[in-house]
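Step one of this worksheet: look at the structure below.
Numbering (UniProt numbering), first residue to last: 1 to 289.
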């Protein structure tokens, strides 16, 4: 009885070839979408009352009207793709209406200095080999790198507000929490043997109404693996950009190194997160004459 209902839902979500698992694409569904599909499946199953033929007919009828229903869901639901899709976007080739543009853009981080690698020696032994087996042992090494990284994140606040159905308070909370994640979370592998946990040595938050621009150019030529040197390089490059383009961004920064940044207010991570959290609210306020 459940087969026709399942197939109808798969086609609705993945397109005409959705029943074939190999034809499906990876798809991120939001809570509202999952709740809708679950409710529809339960409704169809309940209406069929255990009758396989009735379930098949109900599924066919549902397929005829699902496009209108799904369109209404996409237009009327808040956060149809969930908070993750609202931040980082979603592409659905089978249904362009379900596409979501990403307002958060994250550049690949890179070290400000020349790469340095260390060899980590390790062995693995077959301690549980049976007497009749020779067992297996290995001696290997893996390369580990640890550096001072420059990272860059852009948030299109109007785009974020649009994806969050204009909820400025939610957008502010998102930016507030995002600042903490950027400064405090260090992704890593082999965490059991490396403990790759650190904090940002320097964080600059800029707000403006012009096209954003990275400061990666400051490190086209590698510098010393020293936070003070790297920050000095970045501040100098930013000063030259200001002199040339005069874009007038509002800036707040934190630093573990004593440094001056003209035109920017220094504070703690809490101060920067609080400032970032107010930006959507400011943008959402009606203009006064």
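Quick reminder that beta carbons are idealized off the backbone N, C-alpha and C, glycines included.
All values reported here derive from a predicted model rather than from experimental measurement.
- Beta-carbon contacts of residue 19 that lie in its chain and below 7 Å, excluding the five residues immediately before and after: By one-based count along the chain shown, residue 19 stands at place 19. The beta carbon of residue 19 sits closer than 7 Å to those of 7, 10, 11, all from its chain and outside the five residues before and after it, given in chain order.
- Message: Suppose you measure from the CA of residue 52 to the CA of residue 5; what does that come to, to the nearest Å?
- Response: Indexing the chain shown from 1 puts residue 52 at position 52. Indexing the chain shown from 1 puts residue 5 at position 5. Approximately 10 Å, taken between the alpha carbons.
- Using 10 angstroms around the beta-carbon of residue 66, count the other beta-carbons present and answer buried if the total reaches 16, otherwise exposed. The sequence position of residue 66 within the chain shown is 66, counting from 1. By the 10 Å Cβ count, residue 66 comes out buried.
- Roughly how many angstroms separate the alpha carbons of residue 141 and residue 122, rounded to a whole number? In the chain shown, residue 141 corresponds to position 141, counting from 1. In the chain shown, residue 122 corresponds to position 122, counting from 1. Spanning the two alpha carbons is a distance of roughly 6 Å.
- Starting from residue 153, follow its DSSP beta bridges and name the residues at the other end. As a first step, residue 153 is located in the chain shown; it is residue number 153 there, counting from the start. DSSP output for residue 153 lists 106 as bridge partner(s).
- Give me the Cβ distance between residue 227 and residue 148, rounded to the nearest whole Å; I'm assuming they're in contact under 8 Å. Sequence index remark: in the chain shown, residue 227 carries index 227 (1-based). Sequence index remark: in the chain shown, residue 148 carries index 148 (1-based). About 6 Å separates the two Cβ atoms, so the contact holds.
- Message: If you follow the beta strand (DSSP E) that residue 123 is in, where does it begin and where does it stop?
- Response: Numbered from its first residue, the chain shown carries residue 123 at position 123. 117-125 is the span of the beta strand (DSSP E), which, as asked, contains residue 123.
- DSSP puts residue 139 in a beta bridge; with which residues? For this step, residue 139 is matched to residue 139 along the chain shown. Its beta-bridge partners are 123.
- Query: Enumerated in chain order, which unbroken segments of the beta strand (DSSP E) with a length of 3 residues or greater are wholly contained in the stretch 14-53?
  - Reply: none
- In the DSSP assignment, find the unbroken beta strand (DSSP E) run with residue 219 in it and report its ends. On the chain shown, position 219 is the one that residue 219 refers to. Counting along the chain, residue 219 falls outside any beta strand (DSSP E), and DSSP gives it neither H nor E.
- Query: I think residue 204 touches residue 237, with their Cβ atoms under 8 Å apart; what is that distance to the nearest whole Å?
  - Reply: By one-based count along the chain shown, residue 204 stands at place 204. By one-based count along the chain shown, residue 237 stands at place 237. About 12 Å separates the two Cβ atoms, so there is no contact after all.
- What span of residues does the beta strand (DSSP E) with residue 251 cover, start to end? Here residue 251 corresponds to residue number 251 of the chain shown, with the count starting at 1. Counting along the chain, the beta strand (DSSP E) containing residue 251 begins and ends at 250-255.
- Item | For residue 13 and residue 263, the rounded distance between their alpha carbons | Position 263 of the chain shown, counted from the start, is the residue given in the question as residue 263. Position 13 of the chain shown, counted from the start, is the residue given in the question as residue 13. Looking at the two C-alpha atoms, the distance is approximately 51 Å.
- Under the rule that 16 or more other beta-carbon atoms within 10 Å means buried, what is residue 2, buried or exposed? The residue you call residue 2 lines up with position 2 of the chain shown. Residue 2 comes out exposed.
- Task: Just grab the DSSP bridge partners of residue 144 for me.
- Result: As a working mapping, residue 144 is identified with position 144 in the chain shown. DSSP lists 118 as partners of residue 144.
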